[in-house]
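Colleague:
Residue numbers (UniProt numbering): 1 to 641.
1. Using alpha carbons as the reference points, say which of 377, 395, 396 lies closest to residue 389.
2. Sorted by chain position, which residues of the same chain lie with C-beta nearer than 8 angstroms to residue 115's C-beta, five sequence neighbours on each side aside?
3. Could you pull the DSSP bridge partners for residue 375 from this structure?
4. Using 8 angstroms as the cut-off, can you tell me whether the region 598–614 makes contact with the region 565–579, which would need three or more C-beta pairs spanning the two stretches below that distance?
5. Return helix, strand or coil for residue 637, following the three-state DSSP convention.
6. Just to confirm before moving on: does the CB-CB distance between residue 122 and residue 36 stay below 8 angstroms?
7. CA-CA distance, residue 54 and residue 602?
8. From the DSSP output, in three-state form, read off residue 132 for me.
9. Let me know if residue 141 comes out buried or exposed under the rule of 16 or more other beta-carbons within 10 Å of its beta-carbon.
10. Hey, how far is the Cα of residue 611 from the Cα of residue 406?
11. Cutting at 7 angstroms between CB atoms, please list the residues of its own chain near residue 180, excluding the five before and the five after it.
12. With burial defined as no fewer than 16 other Cβ atoms inside 10 Å of the residue's Cβ, what is the status of residue 201: buried or exposed?
13. How big is the Cα-Cα spacing for residue 508 and residue 596?
14. Go ahead and pull the three-state DSSP assignment for residue 34.
15. So residue 361 and residue 404 are in contact, right, with Cβ under 8 angstroms, and what is the actual spacing, rounded?
16. Let's test the definition: count the other Cβ atoms within 10 Å of the Cβ of residue 161 and tell me whether it reaches 16, buried, or not, exposed.
17. Taking the beta carbon of residue 387 as the centre, do at least 16 other beta carbons fall within 10 Å, making it buried, or is it exposed?
18. So what does DSSP say about residue 571, is it helix, strand or coil?
19. Residue 4 and residue 154: beta carbons closer than 8 angstroms?
20. Can you tell me whether residue 321 is buried or exposed, with buried defined as 16 or more other CB within 10 angstroms of its CB?
21. I'd like the list of long-range same chain contacts for residue 450, defined as Cβ closer than 6 angstroms, with 5 residues on each side in sequence excluded.
22. If you draw a straight line from the C-alpha of residue 635 to the C-alpha of residue 412, how long is it?
23. Where residue 632 and residue 531 are concerned, what is the direct C-alpha to C-alpha distance, given to the nearest angstrom?
24. On a Cα-Cα basis, can you pick out the residue from 315, 358, 148 that is closest to residue 422?
25. Roughly how many whole angstroms lie between the Cα atoms of residue 426 and residue 74?
26. Looking only at C-alpha atoms, which of 283, 464, 342, 319 sits nearest to residue 356?
27. First and last residue of the beta strand (DSSP E) that includes residue 201?
28. To the nearest angstrom, how far is it from the Cα of residue 627 to the Cα of residue 621?
29. Compute the beta-carbon to beta-carbon distance between residue 70 and residue 51, rounded to the nearest angstrom, for a pair I have assumed lies under 8 angstroms.
30. Within its chain, find whatever has a CB closer than 6 angstroms to the CB of residue 124; leave out the 5 residues flanking it on each side and keep chain order.
31. Helix or strand or just coil, what does DSSP make of residue 449?
32. Under 8 angstroms, do residue 62 and residue 149 count as touching if we go by C-beta distance?
33. What residue range does the alpha helix (DSSP H) around residue 111 cover?
34. How many Å lie between residue 300 and residue 455 at the Cα?
35. Would you list the residues sitting across from residue 614 in a DSSP beta bridge?
36. Return helix, strand or coil for residue 516, following the three-state DSSP convention.
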């Protein structure tokens, strides 16, 4: 990099763009530009010569300033403030002068992976207005202090003076006015149940978030952005300033100081049973999503090789024309099908972890439910009609010897029971006997319950859900597709869309295909189309940049940056995307479009669609590209003048 100021990697790991960070504060660059690193070891070193300007009490973030005045924030993981310093150890304090390579923080990487929302670590330049645009490394893997991560140089003298003038004016304030204005914008003191702050943002538990004046917040120079998450309304201020604003708020208003736990508890009280249930499902299914999506993509490749009609209505399968490809297709099919064949093991791992049990016991429980000695669940229907279901005889009581391949509910409930039994025993069995007692007893009891009670009941409920959805969409496909297409975008806002991943997996496990997932893919494309229209119509360079990057992300299946960063902010792009998805959803449901796997919910989606449905799905894609784009662009031309 040919720059005056070089920032070396403060930790070793794999680099990724900020847009991939699972937190809007960083993904939308509210704090500033930079890069993210997925660490491979738990050590942070100084990336340049400078001074430590802030070490947060919970040790999860550190702020530095270089000798040339560049301010850098290193934020270890996402939502790691909730760990209260557990797993972190600081080796520098505020005011220390440091040299490049000096040890700053060490952390338990495995602990952070297991306990935090994410271990991805953003490295942010927080005063980028004083420097030229960052040049970012193209290296995918960086080594602490050996790899140059970022490069920049100071702006011209006149620009720097103007920036310094603004900075001086801002720094000279006591922040009382700003704090008072923020409190008023979030609905006043009477609307605040509790308030705290982390290294970058104020966190409020509000009585009624509808009272928030987001327009007023956007006009404040001190506010970098705002959003709501997990029952908390968060106002992004920035490192070094947020604690001063918080102190001013406590001193200048009637808001009382609260801990993060108190704010989290106050925010959680606002979530009803449905919201808490949705969060549990999200916590379980999001960690296994990469395996499922990867399997879906590979199944798409196998479909191209093995299914007839791909290259013409009457065309034979590619492996029939070129038999030498048959072995490769079969191998790809085995690799792709593994995640779905052993889906209960994946769910068992994630569910046991979420419910507080040992995740390896969850894996074993899932494998028990798909043991090869059991009758395969996909042959259950025909075996039932022929009266050939194998059984165990337990003291005169017959128990069906059936597996639960592709099923979701049996392993979810069984993993919950397993975790509760394990927790109960851990508290009562002495440490020296835990290895001999806790796991064997918990697994044995849960296994018996799974085959005798849990499995048969939840298998029946799962089939009822499947049959009900299939009947509804068969009876009124246009209405079903239109309504689901219109609702999917709003469901993403509430987080309820995670529940439908479980439904999609249940449909695939029971019928081999799902008619819901294709609409999800179209919704993602529609959000991307709307945000691309905003990019083309916008005159503001920041909006253009945000819209462009978030549009690409949406077309590759990740819509949150597009939705929360642009479309919901201006509203009409979001509505245009909903309209496009509803129309396309009605069309493809009428045509009977189905997916035989869950893949990337964006432009690559056709790989997961049944080959005979490609043409209809591509027409649906054209609808969600054209309708939201044109609608948004026409309105934006008038609104963004």
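The beta carbon of each residue, even a glycine, is placed where N, CA and C say it ideally should be.
Modeller: So, from the data block:
1. To locate residue 389, count along the chain shown from 1; it is residue 389. The shortest Cα separation from residue 389 among 377, 395, 396 belongs to 377.
2. In the chain shown, residue 115 corresponds to position 115, counting from 1. Cβ within range, chain order: 83, 86, 87.
3. Translated into the one-based positions of the chain shown, residue 375 becomes position 375. Residue 375 pairs with 402.
4. no
5. Start at 1 with the first residue of the chain shown, and residue 637 comes out as number 637. Helix, per DSSP.
6. Indexing the chain shown from 1 puts residue 122 at position 122. Indexing the chain shown from 1 puts residue 36 at position 36. Cβ distance < 8 angstroms, so residue 122 and residue 36 count as in contact.
7. In the chain shown, residue 54 corresponds to position 54, counting from 1. In the chain shown, residue 602 corresponds to position 602, counting from 1. Those two C-alpha atoms are separated by around 41 angstroms.
8. For this step, residue 132 is matched to residue 132 along the chain shown. It is coil, neither helix nor strand.
9. The count along the chain shown starts at 1 and reaches residue 141 at position 141. Answer is exposed; the Cβ neighbour count stays below 16.
10. Taking the first residue of the chain shown as 1, we reach residue 611 at position 611. Taking the first residue of the chain shown as 1, we reach residue 406 at position 406. If you take the alpha carbons of residue 611 and residue 406, they lie about 22 angstroms apart.
11. For the purposes of this step, residue 180 is taken as the residue at position 180 of the chain shown. Counting only Cβ-Cβ distances below 7 angstroms, and skipping sequence neighbours, we find 252, 253.
12. In the chain shown, residue 201 corresponds to position 201, counting from 1. The residue in question, residue 201, is buried, as its Cβ has 16 or more Cβ neighbours within 10 Å.
13. Residue numbering aside, residue 508 sits at position 508 when the chain shown is read from its first letter. Residue numbering aside, residue 596 sits at position 596 when the chain shown is read from its first letter. Going by the C-alpha atoms only, they are around 7 angstroms apart.
14. The sequence position of residue 34 within the chain shown is 34, counting from 1. Strand at residue 34.
15. By 1-based counting over the chain shown, the position of residue 361 is 361. By 1-based counting over the chain shown, the position of residue 404 is 404. Between residue 404 and residue 361 the Cβ distance is about 17 angstroms, and since that is not below 8 angstroms, they are no contact.
16. In the chain shown, the residue the question calls residue 161 occupies position 161. Below a pLDDT of 50, predicted positions are generally treated as unreliable, and residue 161, at 46, falls in that range; no measurement from the model is reported.
17. Residue numbering aside, residue 387 sits at position 387 when the chain shown is read from its first letter. Flag for residue 387 reads exposed.
18. Indexing the chain shown from 1 puts residue 571 at position 571. In the structure shown, residue 571 sits in coil (DSSP, three-state: anything other than H, G, I, E or B).
19. Position 4 of the chain shown, counting from 1, holds the residue named residue 4. Position 154 of the chain shown, counting from 1, holds the residue named residue 154. Taking 8 angstroms as the cut-off, the Cβ atoms of residue 4 and residue 154 count as close.
20. The residue given as residue 321 occupies position 321 in the chain shown. Label assigned to residue 321: exposed.
21. What you label residue 450 is simply residue 450 of the chain shown in a count that begins at 1. Around residue 450: 414.
22. Start at 1 with the first residue of the chain shown, and residue 635 comes out as number 635. Start at 1 with the first residue of the chain shown, and residue 412 comes out as number 412. Each residue's alpha carbon lies about 46 angstroms from the other.
23. The sequence position of residue 632 within the chain shown is 632, counting from 1. The sequence position of residue 531 within the chain shown is 531, counting from 1. Approximately 8 angstroms, taken between the alpha carbons.
24. Working through the chain shown from its first residue, we reach residue 422 at position 422. Looking at the Cα atoms, 358 is the closest of the given residues.
25. Here residue 426 refers to the residue found at position 426 when the chain shown is read from its first residue. Here residue 74 refers to the residue found at position 74 when the chain shown is read from its first residue. Rounded to the nearest angstrom, the two C-alpha atoms are 38 angstroms apart.
26. For the purposes of this step, residue 356 is identified with residue 356 of the chain shown, where counting begins at 1. Of the listed residues, the one whose Cα sits closest to residue 356 is 283.
27. Start at 1 with the first residue of the chain shown, and residue 201 comes out as number 201. Per DSSP, residue 201 belongs to the beta strand (DSSP E) from 201–206.
28. As a first step, residue 627 must be located in the chain shown, where it is residue number 627. As a first step, residue 621 must be located in the chain shown, where it is residue number 621. Cα to Cα, residue 627 sits roughly 10 angstroms from residue 621.
29. Here residue 70 refers to the residue found at position 70 of the chain shown. Here residue 51 refers to the residue found at position 51 of the chain shown. Actually they are not in contact, since the Cβ atoms of residue 70 and residue 51 sit about 11 angstroms apart, beyond 8 angstroms.
30. By 1-based counting over the chain shown, the position of residue 124 is 124. Taken in chain order, the residues that qualify are 31, 32, 34, 73.
31. Position 449 of the chain shown holds residue 449. Helix at residue 449.
32. Translated into the one-based positions of the chain shown, residue 62 becomes position 62. Translated into the one-based positions of the chain shown, residue 149 becomes position 149. It is not a contact, given that the beta carbons lie outside the stated cut-off.
33. Within the chain shown, the letter at position 111 stands for residue 111. Per DSSP, residue 111 belongs to the alpha helix (DSSP H) from 109–115.
34. Counting from one through the chain shown, the residue named residue 300 turns up at place 300. Counting from one through the chain shown, the residue named residue 455 turns up at place 455. Cα to Cα, the separation comes out at about 31 angstroms.
35. Here residue 614 is taken as the residue at index 614 of the chain shown, counted from 1. Paired residue(s): none; residue 614 is not in a bridge.
36. Along the chain shown, one-based indexing puts residue 516 at 516. Looking at residue 516 - three-state DSSP - the assignment turns out to be coil, as it is neither helix nor strand.
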